[in-house]
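Everything on this sheet refers to the single structure shown next.
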Amino acid sequence: MRIDEVTIGQSVTLMATLNGEQLSFKTTITDVFPKKKLYLADPVYRDEKVVTFRTKDLVVDLLVTRGEEQPVLFKGITVTLMKKADGSLCYNLSAPTEGKPINRRQNFRCFIGKAITMQCGLDRGTCDAILKDVSVSGFAVVAAPNVNLEKNQVIHVLLEDFVEETKENYTFHLYGLVVRKDEISKGRFLYGCRLNNTVAGLDNYIMLKQRLSLRNANGGLR
Numbered sequence: 081m082r083i084d085e086v087t088i089g090q091s092v093t094l095m096a097t098l099n100g101e102q103l104s105f106k107t108t109i110t111d112v113f114p115k116k117k118l119y120l121a122d123p124v125y126r127d128e129k130v131v132t133f134r135t136k137d138l139v140v141d142l143l144v145t146r147g148e149e150q151p152v153l154f155k156g157i158t159v160t161l162m163k164k165a166d167g168s169l170c171y172n173l174s175a176p177t178e179g180k181p182i183n184r185r186q187n188f189r190c191f192i193g194k195a196i197t198m199q200c201g202l203d204r205g206t207c208d209a210i211l212k213d214v215s216v217s218g219f220a221v222v223a224a225p226n227v228n229l230e231k232n233q234v235i236h237v238l239l240e241d242f243v244e245e246t247k248e249n250y251t252f253h254l255y256g257l258v259v260r261k262d263e264i265s266k267g268r269f270l271y272g273c274r275l276n277n278t279v280a281g282l283d284n285y286i287m288l289k290q291r292l293s294l295r296n297a298n299g300g301l302r
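Sequence positions in the sequence shown follow the numbering used here and run 81 to 302.
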């Protein structure tokens with residue numbers, strides 16, 4: 081899908097990522113002028129101020145909802161705040177590449193950032209790591225410099241979290257297969273892991289964390 085295929089009245093979501101945290105802002109396409117490369121959407125307000133998406137190091141993706149069809153994700157879009165002829169504000173959306181259909185629930189990653197003890201392999205000992213994020217299909221860990229894992233290796237981590245807002249404790253055993261290995265600093269690697277099986281309740285936990293993240297946003301996106 082190309083950005084010029086969006087239609088007036090179409091529901092879209094601006095997904096802003098900053099410092100590992102992801103916030104989502106729903107809006108609607110209001111005008112489309114392909115010849116002028118203008119694809120306008122309603123502005124989003126927070127604390128009675130419009131969100132400008134101008135924060136340094138902010139990355140914005142565009143999720144386009146298409147009824148019963150799979151949503152389409154445009155990566156790394158540009159959001160420009162504009163003023164219409166009548167004086168009202170709007171966003172102009174531009175995308176450097178075509179959008180691709182995605183599984184929305186599998187795409188969202190919930191930032192964790194907690195120190196954990198990780199079991200490396202089924203018959204091996206434990207090692208220190210950071211559980212970076214989790215989704216319904218996988219998770220990512222940053223291992224200590226002395227740890228070297230290989231692709232297709234099985235690892236086990238325990239995600240424990242107390243959500244203050246709901247006064248609930250959550251515990252999930254995550255068994256994953258290493259599918260990606262990226263060096264993030266000298267001798268330090270990030271490992272992307274695919275879950276071996278569906279984890280009961282994990283999807284509800286992730287959706288709760290996303291809602292709380294949106295509700296508790298402190299206006300950092302201006």
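Backbone N, C-alpha and C fix where the C-beta goes; we use that ideal spot for every residue, glycine too. A quick note: this is a predicted structure, and the numbers were derived from the prediction, not measured.
| Going by DSSP, which residues form a beta bridge with P181? | Residue mapping note: residue 181 aligns to position 101 of the sequence shown, counting from 1. Its beta-bridge partners are V152.
| said: On the DSSP letters alone, give me the boundaries of the beta strand (DSSP E) that Q199 sits inside. | reply: Your numbering for residue 199 matches position 119 in the sequence shown. Annotation: the continuous beta strand (DSSP E) that includes Q199 extends over 190-200.
| Beta carbon of V140, beta carbon of L94: below 9 Å? | For the purposes of this step, residue 140 is taken as residue 60 along the sequence shown, with counting starting at 1. For the purposes of this step, residue 94 is taken as residue 14 along the sequence shown, with counting starting at 1. If you check the CB distance, V140 and L94 come in under 9 Å.
| query | Mind checking whether D213 and R189 have CB atoms under 9 Å apart? | reply | Indexing the sequence shown from 1 puts residue 213 at position 133. Indexing the sequence shown from 1 puts residue 189 at position 109. Against a cut-off of 9 Å, the Cβ pair of R189 and D213 comes out as a contact.
| field | Reference S174; option with closest CA among P181, G193, T145, I109 | value | As a working note, residue 174 is residue 94 in the sequence shown. Selected option, being the one with the closest Cα: I109.
| said: Rounding to the nearest angstrom, what Cα-Cα distance links V259 and F269 in this structure? | reply: To locate residue 259, count along the sequence shown from 1; it is residue 179. To locate residue 269, count along the sequence shown from 1; it is residue 189. Here the C-alpha atom of V259 lies approximately 13 Å from the C-alpha atom of F269.
| Below 9 Å between beta carbons: does that hold for K155 and T135? | Numbered from its first residue, the sequence shown carries residue 155 at position 75. Numbered from its first residue, the sequence shown carries residue 135 at position 55. No. Outside cutoff.
| request: Pull up the distance between the alpha-carbon of L103 and that of K231, whole angstroms please. | output: Against the sequence shown, residue 103 aligns to sequence position 23. Against the sequence shown, residue 231 aligns to sequence position 151. Taking the Cα positions, L103 is about 31 Å away from K231.
| task | From the DSSP output, read off the bridge partner residues of E248. | result | On the sequence shown, residue 248 is found 168 positions in, with the first residue counted as 1. The partner list for E248 (beta bridge, DSSP) reads V243.
| message | Are the CB atoms of P114 and D84 within a distance shorter than 9 Å? | response | If you number the sequence shown from 1, residue 84 lands on position 4. If you number the sequence shown from 1, residue 114 lands on position 34. Going by C-beta atoms, D84 is nearer than 9 Å to P114.
| request: Starting from N226, follow the beta strand (DSSP E) in both directions and report where the run begins and ends. | output: On the sequence shown, position 146 is the one that residue 226 refers to. Looking at the DSSP string, N226 is not in any beta strand (DSSP E), and its letter there is neither H nor E.
| request: Run the CB neighbour count on A195, radius 10 Å, all protein chains shown included, and call it buried at 16 or more, exposed below. | output: Within the sequence shown, numbered from 1, the residue matching residue 195 stands at position 115. By the neighbour-count rule (16 or more Cβ atoms within 10 Å), A195 is not buried but exposed.
| task | Look at the Cβ atom of Q90, then the Cβ atom of R126, and state whether they are nearer than 9 Å. | result | Here the question's residue 90 lines up with position 10 in the sequence shown. Here the question's residue 126 lines up with position 46 in the sequence shown. With a cutoff of 9 Å on beta-carbon distance, Q90 and R126 are scored as not near each other.
| request: Give me the Cβ distance between I235 and G256, rounded to the nearest whole Å; I'm assuming they're in contact under 8 Å. | output: Translated into the one-based positions of the sequence shown, residue 235 becomes position 155. Translated into the one-based positions of the sequence shown, residue 256 becomes position 176. With 8 Å as the limit, I235 and G256 qualify as a contact, their Cβ atoms being about 6 Å apart.
| request: Using the Cα positions of T107 and S217, report the straight-line distance between them to the nearest angstrom. | output: The sequence position of residue 107 within the sequence shown is 27, counting from 1. The sequence position of residue 217 within the sequence shown is 137, counting from 1. Going by C-alpha positions, T107 is about 27 Å away from S217.
| As assigned by DSSP and simplified to three states, the class of L138 | Counted from its first residue, the sequence shown places residue 138 at position 58. Note: L138 maps to coil in three-state DSSP.
| Of the listed residues S293, L239, K261, T87, nearest to Q199 (C-alpha basis) | Here the question's residue 199 lines up with position 119 in the sequence shown. Checking every option, the nearest Cα to that of Q199 belongs to L239.
| request: Classify I289 as helix, strand or coil using the three-state DSSP reduction. | output: Position 209 of the sequence shown holds residue 289. A small correction: the amino acid at residue 289 is Lys; Ile does not occupy that position in the sequence shown. When DSSP states are grouped into helix, strand and coil, K289 belongs to the helix group.
| task | On a CA-only basis, which of N249, Q233, L254, A280 is nearest F219? Give me that one, please. | result | Reading the sequence shown from its first residue, position 139 is the one you call residue 219. If we check each option's Cα against that of F219, L254 comes out closest.
| field | Same chain, Cβ closer than 6 Å to N249, five either side skipped, listed in chain order | value | The count along the sequence shown starts at 1 and reaches residue 249 at position 169. Excluding residues within five positions, the ones whose Cβ falls inside 6 Å are F242.
| field | Neighbourhood of G300 by C-beta, 8 Å cutoff - its chain only, sequence neighbours within 5 removed | value | Taking the sequence shown and counting its residues from 1, one reaches residue 300 at position 220. Note that G300 scores 47 on pLDDT, short of 50, meaning its location in the model is unreliable and no value can be drawn from it.
| request: Return helix, strand or coil for K116, following the three-state DSSP convention. | output: Numbered from 1 along the sequence shown, position 36 holds the residue referred to as residue 116. Helix, per DSSP.
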